[in-house]
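Peer 1:
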Amino acid sequence: MYVNTRPEMPEGVKTLPARYYTDPAHFQLEMERIHFDMWLCAGRTEQLSAPGRYFLRQVGNASVVVLAGEDGRVSAFHNVCRHRGTRLCNADEGQLPGRIQCPYHAWTYGLDGRLVSAPHMEKVAGFAEADYPLQPVATAIWDGHVFINLSDRPRPYSEHLAALPAKFEPWGMADLRLVEHRVYELKANWKLIIQNYSECLHCPIVHPLLHRQSHYMSGDNEPPQPTYLGGRMDLREGVKTLTMDGQTTRAYLPGLGPDDQRHVYYYAILPNLLLNLHPDYMLTFTMWPRAVDRTDVICEWHFHPDQIARSDFDPQDAIEFWDLTNRQDWELSQFAQEGISSRGYRPGPYSNREELLRGLDRFVLERTGAGAASRTPSPLRPQP
Amino acid sequence: MYVNTRPEMPEGVKTLPARYYTDPAHFQLEMERIHFDMWLCAGRTEQLSAPGRYFLRQVGNASVVVLAGEDGRVSAFHNVCRHRGTRLCNADEGQLPGRIQCPYHAWTYGLDGRLVSAPHMEKVAGFAEADYPLQPVATAIWDGHVFINLSDRPRPYSEHLAALPAKFEPWGMADLRLVEHRVYELKANWKLIIQNYSECLHCPIVHPLLHRQSHYMSGDNEPPQPTYLGGRMDLREGVKTLTMDGQTTRAYLPGLGPDDQRHVYYYAILPNLLLNLHPDYMLTFTMWPRAVDRTDVICEWHFHPDQIARSDFDPQDAIEFWDLTNRQDWELSQFAQEGISSRGYRPGPYSNREELLRGLDRFVLERTGAGAASRTPSPLRPQP
Amino acid sequence: MYVNTRPEMPEGVKTLPARYYTDPAHFQLEMERIHFDMWLCAGRTEQLSAPGRYFLRQVGNASVVVLAGEDGRVSAFHNVCRHRGTRLCNADEGQLPGRIQCPYHAWTYGLDGRLVSAPHMEKVAGFAEADYPLQPVATAIWDGHVFINLSDRPRPYSEHLAALPAKFEPWGMADLRLVEHRVYELKANWKLIIQNYSECLHCPIVHPLLHRQSHYMSGDNEPPQPTYLGGRMDLREGVKTLTMDGQTTRAYLPGLGPDDQRHVYYYAILPNLLLNLHPDYMLTFTMWPRAVDRTDVICEWHFHPDQIARSDFDPQDAIEFWDLTNRQDWELSQFAQEGISSRGYRPGPYSNREELLRGLDRFVLERTGAGAASRTPSPLRPQP
Ligand code: FES
Ligand code: FES
Ligand code: FES
Chain C
1 MYVNTRPEMP EGVKTLPARY YTDPAHFQLE MERIHFDMWL CAGRTEQLSA PGRYFLRQVG
61 NASVVVLAGE DGRVSAFHNV CRHRGTRLCN ADEGQLPGRI QCPYHAWTYG LDGRLVSAPH
121 MEKVAGFAEA DYPLQPVATA IWDGHVFINL SDRPRPYSEH LAALPAKFEP WGMADLRLVE
181 HRVYELKANW KLIIQNYSEC LHCPIVHPLL HRQSHYMSGD NEPPQPTYLG GRMDLREGVK
241 TLTMDGQTTR AYLPGLGPDD QRHVYYYAIL PNLLLNLHPD YMLTFTMWPR AVDRTDVICE
301 WHFHPDQIAR SDFDPQDAIE FWDLTNRQDW ELSQFAQEGI SSRGYRPGPY SNREELLRGL
361 DRFVLERTGA GAASRTPSPL RPQP
Chain U
385 MYVNTRPEMP EGVKTLPARY YTDPAHFQLE MERIHFDMWL CAGRTEQLSA PGRYFLRQVG
445 NASVVVLAGE DGRVSAFHNV CRHRGTRLCN ADEGQLPGRI QCPYHAWTYG LDGRLVSAPH
505 MEKVAGFAEA DYPLQPVATA IWDGHVFINL SDRPRPYSEH LAALPAKFEP WGMADLRLVE
565 HRVYELKANW KLIIQNYSEC LHCPIVHPLL HRQSHYMSGD NEPPQPTYLG GRMDLREGVK
625 TLTMDGQTTR AYLPGLGPDD QRHVYYYAIL PNLLLNLHPD YMLTFTMWPR AVDRTDVICE
685 WHFHPDQIAR SDFDPQDAIE FWDLTNRQDW ELSQFAQEGI SSRGYRPGPY SNREELLRGL
745 DRFVLERTGA GAASRTPSPL RPQP
Chain F
769 MYVNTRPEMP EGVKTLPARY YTDPAHFQLE MERIHFDMWL CAGRTEQLSA PGRYFLRQVG
829 NASVVVLAGE DGRVSAFHNV CRHRGTRLCN ADEGQLPGRI QCPYHAWTYG LDGRLVSAPH
889 MEKVAGFAEA DYPLQPVATA IWDGHVFINL SDRPRPYSEH LAALPAKFEP WGMADLRLVE
949 HRVYELKANW KLIIQNYSEC LHCPIVHPLL HRQSHYMSGD NEPPQPTYLG GRMDLREGVK
1009 TLTMDGQTTR AYLPGLGPDD QRHVYYYAIL PNLLLNLHPD YMLTFTMWPR AVDRTDVICE
1069 WHFHPDQIAR SDFDPQDAIE FWDLTNRQDW ELSQFAQEGI SSRGYRPGPY SNREELLRGL
1129 DRFVLERTGA GAASRTPSPL RPQP
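Quick note, the sequences are listed as chains C, U and F, same order. Numbered per this note's numbering, the first sequence spans residues 1 to 384. Numbered per this note's numbering, the second sequence spans residues 385 to 768. Numbered per this note's numbering, the third sequence spans residues 769 to 1152.
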């Protein structure tokens, strides 16, 4: 039924050396060159539904507060007081009373980050409130997704998304509402999670339920893009969406045409968002690297408000399906971390159906400046 | 009522760069230049009330046994056997039977540290017991406080205390007795605890109970001294001492004049003792750095024996008051550690009421040889 | 009764500097030069009693699978898939179904390590299964003990064992069967465990029960050998073996002559096997360094099948005796680790009854290339 029509993988293309997955110094380099430079998906606009609503995100050693301003617009700041550096907000999310007040000496900032009150600074030569605003973090919105960028000179957001806004317009993502939120703490490098996400060769072995509903060879990928890697898979005949039994009473998302009703889209928007678009719901994963071998993953299920409003709405079939599939994937990603950390690891060859993984490796090599030389290490020499 | 009469803070005086609070290598440097060089308060003579009584203290990687010798005099030694290096005493405190015997092969030392028995060493060429005493640690006593010094060439103890013995003679600290002992494990650098201790700008916000009894602007500091930083605050009218309600049935300490009965003294004796003198009791904190971001604090409440002997003696009002206040301070110190460890931290400006903090920074900069250049880092450049 | 007839210890022979027990970099050097270079005892052939039986061993960062092949012969491989490096076997021990299949994408290896199936690799230029076998780990068998060697060019196994096979032939070790298995997690460097094992000066103090059955001065050591350190001790008159009361209803091992029935042999076969041979049972310890200050010890009790078959067989007297003795030794080894890690540690003098410890130090110095210069550090200079 399905044949492997993808182009051949050239000779000598191998997985990366172990240090890319085990060396804390390389991890720091990746954070600087990738996570502190690129746009990261932080959450959803519905979490910032009124002035003063906020949530925190930890990116490497950066604590960031993402909030809705007086005018309801989203902005973000480093969550650090300009007086003696105290962390300002200390709950994961909440409602600010129109200002941000430091818990230590009550320096007070507006929701726009301006320092509006700094008690007892009147006898400091040359002090001016205007010189000590909260340090800003760039933000952008795409169809309900909130992105942040910690770079001093963020690249244009439109370059980051490229063709995606047009492509995914039919799903009406901005209209969807968060129904379930689960956090997974993985003992694996963040890249292994994207790798796992980017091929379905493992599906018949690891995810028999998924494979029963969507054939693992049905995948059709876009060529790797500079900022995202993705493709789509077919739903098998008679399968309406991905749930425990492939059925659902939920309606399709209103904007979808017949072709999109028969597919699930899987996009890794580098470096931290995995976006699964089903005919009737959206699943998002945001990945937060904690160490070279640890990553927290926030997984959220989003549905259309018309369906949520129905008296018979029950999202459990989709939640259970993905929670089960996630756990299967996390276990494998952790086995991969263990093996790559082991003395016996040597870079191995990719198949032609792992072209997105090769795309990820190239992205990492270009970003971390390790160059082409280390891309195809000799299988004969031990890798550190 | 109270006005800010302290001198203006010059322009450009800022808090230290983040590495002073986050870099393990800088922490080691501080330990070498500060904690392994200076006099540290280890405990009280009443804990060493009979020959052979001992307690242990851990200073960085040094385990020290502090003990009362045969003649009752206090001395201290490295808690390490001279044979194969085994830790000698392994309980936090106790009673030695007139000697220190290694648990491994029974090398035995007198309470004066001399090696008195080394079984089976008779067939070792050139071996002499006299060559293997326990390695001594210098000790000194001040009014009941036991100090130790791990330097090979300790600076004179009198220089360390300077004017303090005369100043605090009226409190008769040697006569006081330990009534309560609490240990707090903080996730904060030791300097942040001293900083928190050295200003009361945070008091109205964080310690409403304290502020109700002692106005936060009433503080009057000595100029920073080379080895200590301190000052005093007024008790408000009608307030007798710092307790939950500001009242007490305890008598004032017998040596105090009327002025000292109306004040609480707060002295940070660098680098590890915080000394609170109230009209009717003494509170001591000794701080034991465990890592760049961890410090154990031992807090002890000491009262006059005449009051302890009273049938209605109840120290709970003072214990509760300070335990509550401590917990408020520890939380803030931990928020400060978190914020300073965050990517968004930049050195910030001190107010003119934080002159003791500036004194602490100068002390650290002088000791760690980082020099004046890094004292006023540019607000425009990111700090590592 | 027993006199110290061993040769005198020359002047100036001291224990090693602290860094040999505390420096993670030195630990890595030891792992490279010692544990990754030498033969390590991994277990017993009876654990590999049928084709496909396997167990895992972790040597530093190397995960190794030791298994019985199709022909029942023992072999070992790095437990890492040649595709994307996933850890292959993830249970500590078990039964393989005639092949090793990667849990990720089902690359499948024979029990001889050959890659027999690599799905979806047909469109990879130049790919050949023959190029991707599991990476082999050398194995050898000695009288029921399974050894592994992770070196690319293992030294001959016969050199490693030297005179031991002939010496211990009478005990018939291959015939013995494992009855009890206990794992101890020690906070101590692996060398301290061998040191503790290699002298009995501590026995009268620490092991009164052992000393009651076997006089601590009765030890008679071989001169230190390049790959092992050992000796034997006498059982006291009336004592039959080492148990809680020195008695047993078990018969002597069938091959033992009268002299060997009156002794217990203690051999440290470097770097990871401690072998205790009693008249009626064998005790083995294999040591697995986890960090410079952590070692896991697997302790196993082995008895003769004729005794195990008896209706009144009860190994508890031997298990309890050694479990008690082990715990006493582990505590001391941990106190030694603590003391040597302490700032006050200085290398100390060995007695003439610690010649095996000096032999271990020389072994380590030769292997780690630290040279003779650091062998007798000056007692006057602090050691890092
Ligand atoms: S640290 Fe924030 S107000 Fe002082
Ligand atoms: S280590 Fe202390 S007596 Fe041997
Ligand atoms: S990693 Fe083992 S088959 Fe892919």
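Just so you know, even glycine gets a beta-carbon here, dropped at the ideal spot from N, CA and C.
1) Determine the burial state of Arg381(C): buried for a count of at least 16 other Cβ atoms within 10 Å of its Cβ, exposed for fewer.
2) If we count Cβ pairs, one from each stretch, closer than 8 Å, do we get three or more for the region 1059-1066 of chain F versus the region 987-994 of chain F?
3) Closest by CA to Thr670(U), which one among Val443(U), Gly436(U) and Leu413(U)?
4) Considering Cα atoms alone, identify which of Ala874(F), Arg774(F) and Leu808(F) is closest to Leu201(C).
5) Given 7 Å as the limit, tell me if Tyr184(C) has its C-beta closer than that to any heavy atom belonging to ligand 3.
6) Counting only beta-carbon separations shorter than 8 Å, does Ser389(C) have a partner in chain U?
7) For Pro401(U) and chain C, any beta-carbon pair shorter than 8 Å?
8) Name the one or two DSSP bridge partners that Cys425(U) has.
9) Assuming Arg44(C) and Gly144(C) form a contact by the criterion Cβ under 8 Å, report the distance between their Cβ atoms to the nearest whole angstrom.
10) Spatial neighbours of Pro819(F) within its chain, please: C-beta separation below 8 Å, excluding the five flanking residues on both sides.
11) Should Cys200(C) be listed as close to ligand 3, given that the test is whether its C-beta is under 7 Å from any heavy atom?
12) Specify, as a first and last residue, the run of the beta strand (DSSP E) that Val521(U) falls within.
13) Could you name the residues of chain F that Phe335(C) contacts, counting a contact when the two beta carbons are closer than 8 Å?
14) Evaluate Ser1146(F) with the Cβ neighbour count: other Cβ atoms within 10 Å of its Cβ, from every protein chain shown; 16 or more gives buried, anything less gives exposed.
15) Of all residues in the structure, which have a C-beta closer than 5 Å to any heavy atom of ligand 1, taken in chain order?
16) Can you give me, in chain order, the residues of the region 180-212 of chain C that have a beta carbon less than 8 Å from any beta carbon in chain F?
17) Just checking: is the beta-carbon of Arg850(F) within a distance shorter than 8 Å of some beta-carbon in chain C?
18) What three-state label does DSSP hand Ile194(C) in the structure shown?
19) For Asn388(U), count neighbouring Cβ atoms within 10 angstroms of its own Cβ and tell me buried if that reaches 16, exposed if not.
20) So does the region 849-864 of chain F actually touch the region 177-189 of chain C, counting three or more Cβ pairs closer than 8 Å?
21) Rounded to the nearest angstrom, what separates Pro386(C) and Cys486(U) at their Cα positions?
22) Using 8 Å as the threshold, is the C-beta distance between Val264(C) and Leu277(C) below it?
23) Would you tell me roughly how many angstroms separate the C-alpha atoms of Val64(C) and Pro733(U), rounded to the nearest one?
24) When the cut-off is 8 Å and only beta carbons count, does Asn326(C) lie next to chain F?
25) Assign Arg537(U) to one of three DSSP states: helix, strand, or coil.
26) Taking the alpha carbon of Ala475(U) as the reference point, which residue from Gly497(U), Val450(U) and Ser459(U) has its own alpha carbon closest?
27) Give me the chain C residues within the contact set of Phe795(F), using Cβ-Cβ distance strictly less than 9 Å, ordered along the chain.
28) Determine whether the Cβ of Ser447(U) lies closer than 8 Å to any Cβ atom of chain F.
29) What did DSSP end up calling Met415(U) once you bin it into helix, strand or coil?
30) Is there a Cβ of chain F sitting closer than 8 Å to that of Arg346(C), yes or no?
31) If you measure from the beta carbon of Leu1100(F) to each beta carbon in chain U, is any gap under 8 Å?
32) Assess, as a yes-or-no matter, whether the region 547-554 of chain U is touched by the region 412-425 of chain U under the definition of 3 or more beta carbon pairs within less than 8 Å.
33) Hey, could you find the ends of the alpha helix (DSSP H) Pro1115(F) is sitting in?
34) Hey, is Gly60(C)'s beta-carbon within less than 8 Å of any beta-carbon in chain U?
35) Should Ala446(U) and His462(U) be called a contact, given that it needs their Cβ atoms to be closer than 8 Å?
36) In this structure, does DSSP put Phe936(F) in helix, strand or coil?
Peer 2: To lay it out plainly:
1) Confidence is the limiting factor: at Arg381(C) the pLDDT is only 36, short of 50, which leaves the residue's position unreliable and the question unanswerable from this model.
2) no
3) Val443(U)
4) Ala874(F)
5) no
6) Only positions 1 to 384 of chain C appear in this structure, which leaves residue 389(C) out of reach.
7) no
8) Phe531(U)
9) 6 Å
10) Ala836, Gly837, Glu838, Asp839, Gly840, Gly866 and Leu879
11) no
12) Pro520 to Trp526
13) Thr854, Arg855, Asn858, Pro871 and Tyr872
14) Only weak support is given to the placement of Ser1146(F): the predicted model assigns it a pLDDT of 36, under 50, and the value that follows is read from those uncertain coordinates. Per the 10 Å Cβ criterion, exposed.
15) Cys81(C), His83(C), Arg84(C), Thr86(C), Cys102(C), Tyr104(C), His105(C) and Trp107(C)
16) Gln195, Leu201, His202, Ile205 and Val206
17) yes
18) helix
19) exposed
20) no
21) Residue 386(C) lies beyond the residue range present for chain C, which begins at 1 and ends at 384; the question has no answer from this structure.
22) yes
23) 22 Å
24) no
25) coil
26) Val450(U)
27) Neighbours of Phe795(F) on chain C: none; closest Cβ ~15 Å, over 9 Å.
28) yes
29) helix
30) yes
31) yes
32) no
33) Here Pro1115(F) belongs to no alpha helix (DSSP H), and DSSP marks it neither H nor E.
34) yes
35) yes
36) helix
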